[in-house]
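Participant: Residue numbers (full-length UniProt numbering): 1 to 289.
Glycine included, C-beta positions come from ideal geometry on N, C-alpha and C.
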Amino acid sequence: MLGEDTEGSLVAISDLHIGYAENRALVEALRPTSPRDWLIVAGDVADTVADIEWALGTLAERFDTVIWAPGNHELWTPPADPVTLRGVDRYDLLVRRCRDLGVVTPEDDYRVWRGPGGPVLVAPLFLLYDYTWRPPGFDTREAALAEAYRTGIVCTDEFLLHPDPYPSRQAWCAARLEATARRLAARDPALPTVLVNHWPLDRHPTEVLRYPIFAQWCGTEATADWHRRFAATVVVYGHLHIPRTTWKDEVRFEEVSVGYPREWRQRSVPPGRVRQILPAPTGTPAPLW
Numbered sequence: 001m002l003g004e005d006t007e008g009s010l011v012a013i014s015d016l017h018i019g020y021a022e023n024r025a026l027v028e029a030l031r032p033t034s035p036r037d038w039l040i041v042a043g044d045v046a047d048t049v050a051d052i053e054w055a056l057g058t059l060a061e062r063f064d065t066v067i068w069a070p071g072n073h074e075l076w077t078p079p080a081d082p083v084t085l086r087g088v089d090r091y092d093l094l095v096r097r098c099r100d101l102g103v104v105t106p107e108d109d110y111r112v113w114r115g116p117g118g119p120v121l122v123a124p125l126f127l128l129y130d131y132t133w134r135p136p137g138f139d140t141r142e143a144a145l146a147e148a149y150r151t152g153i154v155c156t157d158e159f160l161l162h163p164d165p166y167p168s169r170q171a172w173c174a175a176r177l178e179a180t181a182r183r184l185a186a187r188d189p190a191l192p193t194v195l196v197n198h199w200p201l202d203r204h205p206t207e208v209l210r211y212p213i214f215a216q217w218c219g220t221e222a223t224a225d226w227h228r229r230f231a232a233t234v235v236v237y238g239h240l241h242i243p244r245t246t247w248k249d250e251v252r253f254e255e256v257s258v259g260y261p262r263e264w265r266q267r268s269v270p271p272g273r274v275r276q277i278l279p280a281p282t283g284t285p286a287p288l289w
């Protein structure tokens, strides 16, 4: 339902990973503060189709509108999942299931938030990564991957995220980039945007990674100017499990991830809280880790 009144907030969360019992309990407890709240879910809900459906369906029953962008975990084909679809077929199935639940996906019309801080176009994106975020000294994907395998810092995507029918994940990424940029360019230019993608659109959030070699699975150089090119007021992302607020070119970047229990247990802020996107929170939030 499109909210036309001036109540409610646009809020966000990601990396729910409800395969963990503690994280599933966080979703069970999550409630809006207003019946007009919209919730952005920026990927990595769960690893199996059944868990993804349960979580998004539960949230869709509580929030006025739920907007989902997939993460890498949704795209995995894990051995324990009875749904064995891979690649594009798996993504298409998740889009159909979301539509059945009333959840907005990257394949649906972008919605306009008209509550406080609006109007603004909320655009969920699905862009993947292409191994271009390599550490200095590694000029090719092959060299960076070889170093990752040598050091044991290898993303599970290499084993479970299949790009079928594309020949590679980077080829799938290129196709998504082209189609998404064309669609964003055709939007109403009078409306600013909230860009939502599981992977960060700019590389700067990866500068604090404990293992910089992992950045190659975190985004693409192709989106480095998208926050300016497509008039973003806020960029919402997850994936890194380092929830915080940063700024680039006067645009606010919000990482909204929950992460794994072993990670959030170490933080002073209670887990499972949504991050307010609009209206913009007053002041600059302190880091949450």
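(1) Restricting to runs no shorter than 4 residues, where is the alpha helix (DSSP H) found entirely within the region 210–251?
(2) Enumerated in chain order, which unbroken segments of the beta strand (DSSP E) with a length of 3 residues or greater are wholly contained in the region 14–88?
(3) Three-state secondary structure (DSSP) at Thr282?
(4) Between the C-alpha atoms of residue 330 and Val234, what's the straight-line distance to the nearest angstrom?
(5) Please report the distance separating the alpha-carbon of Tyr20 from that of Leu209.
(6) If you reduce the DSSP assignment to three classes, tell me which class Arg262 lands in.
(7) Can you tell me which of the three DSSP states Pro124 falls into?
(8) Using 8 Å as the threshold, is the region 114–134 in touch with the region 36–45, meaning 3 or more CB pairs across them?
(9) With DSSP as the reference, identify every bridge partner of Ala12, one or two as the case may be.
(10) Could you check how far apart the C-beta atoms of Tyr149 and Pro200 are, in whole angstroms? I think they sit under 8 Å.
(11) Comparing C-alpha positions only, which one of Leu101, Tyr91, Leu39 and Ala55 sits nearest to Leu75?
(12) What are the boundary residues of the alpha helix (DSSP H) that includes residue 294?
Facilitator: In short, the structure shows the following:
(1) 226–229
(2) 38–41 and 65–68
(3) Residue 282 sits at position 282 when you count from the first residue of the sequence shown. It is coil, neither helix nor strand.
(4) Outside the shown range of the chain (1 to 289) lies residue 330, about which nothing can therefore be said.
(5) As a first step, residue 20 must be located in the sequence shown, where it is residue number 20. As a first step, residue 209 must be located in the sequence shown, where it is residue number 209. Using only the alpha carbons, I get a separation of about 23 Å.
(6) What you label residue 262 is simply residue 262 of the sequence shown in a count that begins at 1. DSSP places Arg262 in helix when its eight states are reduced to three.
(7) Locating residue 124 in the sequence shown gives position 124, counting from the first residue. Correct three-state label for Pro124: strand.
(8) yes
(9) Position 12 of the sequence shown, counted from the first residue, corresponds to residue 12. Answer is Ile40 and Arg275.
(10) Within the sequence shown, the letter at position 149 stands for residue 149. Within the sequence shown, the letter at position 200 stands for residue 200. Between Pro200 and Tyr149 the Cβ distance is about 24 Å, and since that is not below 8 Å, they are no contact.
(11) Walking along the sequence shown from the start, residue 75 turns up at place 75. Comparing Cα positions, the closest option is Tyr91.
(12) Only positions 1 to 289 of the chain appear in the structure, and residue 294 is not among them; the question remains open.
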